[in-house]
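Heads up: the protein sequence lines correspond to chains A and B, in order.
Take the first sequence: its position 104, counted from the start at 1, is 105 in the working numbering, and no numbers get skipped.
Take the second sequence: its position 120, counted from the start at 1, is 121 in the working numbering, and no numbers get skipped.
We put the beta carbon where it would ideally sit given N, CA and C, even for glycine.
Protein chains: 2
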Amino acid sequence: MNSDMLIRITRYYRALNRLRAIGLEKVFAHNLSDAAGVSAAVVRKDFSILAIHGQKRGGYEITELIDKLSALLGKGEPQNVIVVGCGRIGKALMHYSGFEPDGIRVVAGFDTDPIVYSDASHPVPVYPLSRIEEVIEALDVRVAIITVPEASAADTAEKLMEAGIRGILNFSPITLKPRPVAEGENPCVIHNINIALELEQIFYQLQFPDAIKG
Amino acid sequence: MNSDMLIRITRYYRALNRLRAIGLEKVFAHNLSDAAGVSAAVVRKDFSILAIHGQKRGGYEITELIDKLSALLGKGEPQNVIVVGCGRIGKALMHYSGFEPDGIRVVAGFDTDPIVYSDASHPVPVYPLSRIEEVIEALDVRVAIITVPEASAADTAEKLMEAGIRGILNFSPITLKPRPVAEGENPCVIHNINIALELEQIFYQLQFPDAIKG
DNA sequence: GATAAAATGTGATTGATGTAACATTAACTG
DNA sequence: CAGTTAATGTTACATCAATCACATTTTATC
């Protein structure tokens, strides 16, 4: 499995849920192809790799597809996350309602500033960072979103990993890297979202339209 | 040029600026390799492709590198962006100060809600969406950040493109695709950031640690 | 029932990209 | 001044994913 493929799977999954909501029962590769923005051959090949089979000329059964994909995507497990750093972006994420359809719940926030974590107006409880271990154990959390300032991002990530966090979505502008672990152990899964970098890439592509392929 | 390569270039560029700030004048491939998280061979190969040459055993001159990379990245052009949709995330981005080092400026916000665009407490002027054409012409803007709700994202993108926006950074959960254009024309450059999708990927990778390569 | 059409499923090919090995050049050292 | 070391620069290779073409199977139609 490739990370591009994982993204496609997720798109299939969403499209399928929409289609089921409309009342459809069967789906063809070219339907999903439209929804996911890829060719129909890719859809079939993905399913082929995943050992998901349809009926020739009959397409795929939506319910069966959804079941298999949701097992594959690990749906059903509790997907709790915390937000570390309750500045503007952190607060926005704590209020964000777009996670619900995916079964993801923001269950707590953390901040080092007493003014912030004593404020009771947050949509979820906010704790001082020092209580991190206790809280993530109580709430069964393994994934954190980092929205702290650049200067404290590396330290924060370190603290989180020590406390038992296994996955990090990092919005700070420095690129966090998983530290090397012993053979057989799994490193922390880190995704970095760098907004400024994305904008830079857009500006670049506008200036040199033919420079990028893909 | 590849989009992965572009990301690497940008990382080199940042690392170089930090190194220059410290007072260094020369840099070796393995220094940048550490900073960008790639192997030294990749750094040399990238520079080789870009026709950037160093001195054997002497490394590369930082100033020269920065000059060439900044020309390559299109620095120096005004990099003005607007934020369309001034909810929590939109507001957070209007306040965000992390763009400055990269020469990116948020110059205006847009919203359809009169309560929002009449509020004077924003860090940049906020206009009704209907004034989009007029404003982007006056401010020389070609790139927009979309932070509107899912339901209005597609329409908003359509309006922006009609108004002359050429690049979009989309935070809404639907994946925007550039519409096909005539031969010779350049399609709108669109980057989609889907936070829920990123989290889903992290959860997946945690559940199946060996499933993903890359 | 024969034929055509419409879909899946897969094997082969292509293309691109990262990796590594090696050749090359410059500087340092005794 | 010779030898060694430390860096660049390039070539060749291996890997991986996307694409295409085509075989296969099922259904529809006359």
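- Contact check, Ile196 (chain B) vs Asn171 (chain B), beta carbons under 9 Å: no
- Message: I'd like to know whether the C-beta of Gln56 (chain B) is nearer than 9 Å to at least one C-beta of chain A.
- Response: no
- Task: For the region 105–116 of chain A and the region 70–85 of chain A, state whether three or more C-beta atom pairs, one from each stretch, are separated by less than 8 Å.
- Result: yes
- Asp47 (chain A) and Met6 (chain A) look like a contact to me (Cβ under 8 Å); what is the Cβ gap, rounded to whole Å? 6 Å
- Message: Assuming Val136 (chain B) is part of the alpha helix (DSSP H), what are its boundary residues?
- Response: 133–140
- Query: Can you name the residues that DSSP bridges to Val28 (chain B)?
  - Reply: B:Tyr61
- Could you list the residues in the region 80–111 of chain A with a C-beta less than 7 Å from some C-beta on chain B, going in chain order? Gln80, Val82, Arg89, Ile90, Lys92, Ala93, His96, Gly99, Phe100, Asp103, Ile105
- Cβ of Phe48 (chain A) less than 9 Å from any chain B Cβ? no
- Between the region 162–184 of chain A and chain B, which residues of the former have CB atoms less than 7 Å from a CB of the latter, in chain order? Arg167, Gly168, Leu170, Pro174, Thr176, Lys178
- When A:Tyr205, A:Gln206, A:Arg132, A:Phe100 are compared against Glu1 (chain B), the one with the closest alpha-carbon: Residue 1 (chain B) lies beyond the stretch modelled for chain B, which goes from 2 to 215, so this question has no answer here.
- Message: Looking at chain A, is there any beta carbon in it that lies within less than 9 Å of the beta carbon of His192 (chain B)?
- Response: yes
- Compute the Euclidean distance between the alpha carbons of Leu20 (chain B) and Ile203 (chain A), then round it to the nearest angstrom. 26 Å
- Task: List the residues of chain A whose Cβ lies closer than 7 Å to the Cβ of Ala197 (chain B), in chain order.
- Result: Gly99, Phe100, Asp103, Ile105
- Assign Ser40 (chain B) to buried or exposed, taking buried as 16 or more other Cβ atoms, counted over all protein chains shown, within 10 Å of its Cβ. exposed
- Query: Is it buried or exposed for Ala139 (chain A), if we count other Cβ within 10 angstroms and need 16 for buried?
  - Reply: exposed
- Task: Flag this pair as touching only if the region 50–69 of chain B and the region 126–143 of chain B have three or more C-beta atom pairs under 8 Å; answer yes or no.
- Result: no
- Query: Taking 9 Å as the CB-CB cut-off, is Pro210 (chain B) touching chain A?
  - Reply: yes
- Going along the chain, which residues of its own chain have a beta-carbon closer than 7 Å to the beta-carbon of Pro79 (chain A), five neighbours each way excluded? Asp141
- With DSSP as the reference, please indicate the residues paired to Pro129 (chain A) in a beta bridge. A:Asp112
- Item | Nearest-angstrom Cα separation, counted from Arg45 (chain A) out to Lys92 (chain B) | 42 Å
- Query: Any Cβ of chain B within less than 9 Å of the Cβ of Ile8 (chain A)?
  - Reply: yes
- Query: Rounded to a whole number of angstroms, what is the C-alpha to C-alpha distance between Ala37 (chain A) and Thr176 (chain A)?
  - Reply: 29 Å
- Item | Residue from B:Glu201, B:Ile146, B:Arg58, B:Ile8 whose Cα sits closest to the Cα of Ser173 (chain B) | B:Ile146
- In angstroms, rounded to a whole number, what distance separates the CA positions of Leu207 (chain A) and Tyr61 (chain B)? 29 Å
- Message: If we define contact as Cβ-Cβ less than 9 Å, is Arg12 (chain A) a contact residue for chain B?
- Response: yes
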